[in-house]
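Beneath this line is the structure, given in structure tokens, with notes to follow.
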Amino acid sequence: MSRWIHKLYSRKSGTPSVIFLAGMGDSGETWKIVQDRISQEASTLSYDRAGIGRSPAPVVVPRTCRDLVEELYDLLQEIKVETPCILVGHSFGGLVARLFVSLYPQLVSGLVLVDAAPEYKELAYEKVLPDNLIAANREYYENPMRNSEKIDKIRSYQEIVDSFRQSDIPVSIITRGLPDVWDEEWPNEEILAIEQRLQSDFKRLSTSSKQRIATRSGHYIHHDEPEMVVEEILIMVRGMNK
């Protein structure tokens with residue numbers, strides 16, 4: 001499998017596979033604590049997207065969420081992952097997971113969103129950003145060359161919106177409870193409030209959805225409070241094994 005570096009733990013017959021999708025620029029290693037625990041009860045897969053970790057860089061950039069969804073679909077087919085599976089997406093990986101559910105609903109039995117990125121979040125931030133930060137924020141939103149995976153955010157967000165369909169699969173939304181401190185000029189508390197509100201809107205994704213606030217976590221909830229992420233995944237795994 002020349003394009004991908006992936007970790008596939010023991011295949012457990014009769015259990016749903018749990019697929020981990022990392023945030024932008026992160027390798028599959030980001031999931032190690034959570035994945036090691038889930039692998040005791042279910043088949044699991046984490047992988048490095050093109051240009052991340054040891055995976056070769058993509059041939060064509062910029063890319064969109066649709067490109068990443070199709071690559072994940074091809075990977076699952078190639079290594080013959082049993083479906084339907086549970087998708088666990090952090091940050092930008094949550095966008096990829098959501099689009100995958102919309103395009104291949106028959107392949108997904110549950111969705112866990114770990115401080116997942118809301119579409120158009122950069123535009124929402126502008127409501128609270130000081131004037132001197134708006135231009136840089138807009139440049140990051142509009143220019144794919146400014147992010148680590150060369151993702152066209154405008155097109156990707158539109159793909160998410162255009163493909164939306166409400167499902168009835170279980171959806172667990174885990175949102176950070178602590179502000180991330182990126183810069184002393186950045187209105188961290190206000191940004192946190194915006195993120196919590198936008199992530200609450202994810203409940204519309206399914207008729208069976210819930211949101212939890214990780215009160216002791218920043219953006220990397222799976223590092224700060226891995227037990228919460230493990231708990232939500234295992235609720236789905238065990239529910240599907242009944």
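Residue numbers (this note's numbering): 1 to 242. All C-beta atoms in this analysis are idealised placements derived from N, C-alpha and C, irrespective of residue type, glycine included.
Assigned exposure category for residue i - 16 Cβ within 10 Å defines buried
i    : result
S91  : buried
A57  : exposed
S2   : Caution applies to S2, whose pLDDT of 45 falls short of 50 and renders its modelled position unreliable; the value that the coordinates give is listed next. Exposed is the call here.
K153 : buried
A193 : exposed
P130 : exposed
D48  : buried
R238 : exposed
L67  : Checking the displayed sequence, the identity of residue 67 turns out to be Asp instead of Leu. Buried.
A50  : buried
A97  : buried
V18  : buried
V161 : exposed
E122 : buried
V246 : In the structure as shown, the chain starts at 1 and stops at 242, and residue 246 therefore has no counterpart that could be examined.
I134 : exposed
V60  : exposed
Beta-carbon contacts of residue i that lie in its chain and below 7 angstroms, excluding the five residues immediately before and after
i    : result
V181 : N188
Q166 : R204, L205, S206, T207
G25  : I52, S148, E149
S217 : R176, G177, L178, D224, E225
Y120 : Y157
Residues near residue i by beta carbon distance below 6 angstroms, same chain, minus five either side
i    : result
L234 : none
D36  : none
K32  : none
T215 : G177
H219 : D115, R176, D180
T30  : A22
Range covered by the beta strand (DSSP E) that runs through residue i
i    : result
S200 : Taken as a continuous stretch (DSSP letters only), S200 belongs to no beta strand (DSSP E), being part of the alpha helix (DSSP H) at 188-200.
Own chain partners of residue i with C-beta closer than 8 angstroms, once the 5 adjacent residues on each side are dropped
i    : result
N132 : E185
F100 : V69, L72, Y73, L87, L107, V108
E232 : V112, S172, I174, R212
Q199 : L113, D115, A116, P118, I173, T175, Q211
A124 : P118, I194, L198
E159 : T64, C65, R66, L99
D209 : Rather than Asp, the amino acid found at residue 209 in this sequence is Ser. The answer, listed in chain order, is P170, V171, S172, I173, F202, K203.
H222 : T30, W31, I33, V34, H90, V114, V229
Alpha helix (DSSP H) segment containing residue i, residue limits
i    : result
R237 : The question names Arg, yet the displayed sequence has Val at residue 237. Segment 226-240, the alpha helix (DSSP H) holding V237.
S43  : Note, S43: premise wrong, no alpha helix (DSSP H); not H, not E.
F92  : 92-103
N137 : 131-142
L123 : 121-125
Sheet register partners of residue i (DSSP bridge)
i    : result
K210 : S172
G89  : L21, L113
R63  : I151
S167 : S206
V108 : C85
Taking one C-beta from the stretch 200-213 and one from the stretch 108-116 each time, how about it: are there three or more such pairs within less than 8 angstroms?
yes
Spell out a yes or no on whether the stretch 46-62 and the stretch 79-86 are touching, meaning 3 or more CB-CB pairs, one atom from each, closer than 8 angstroms.
no
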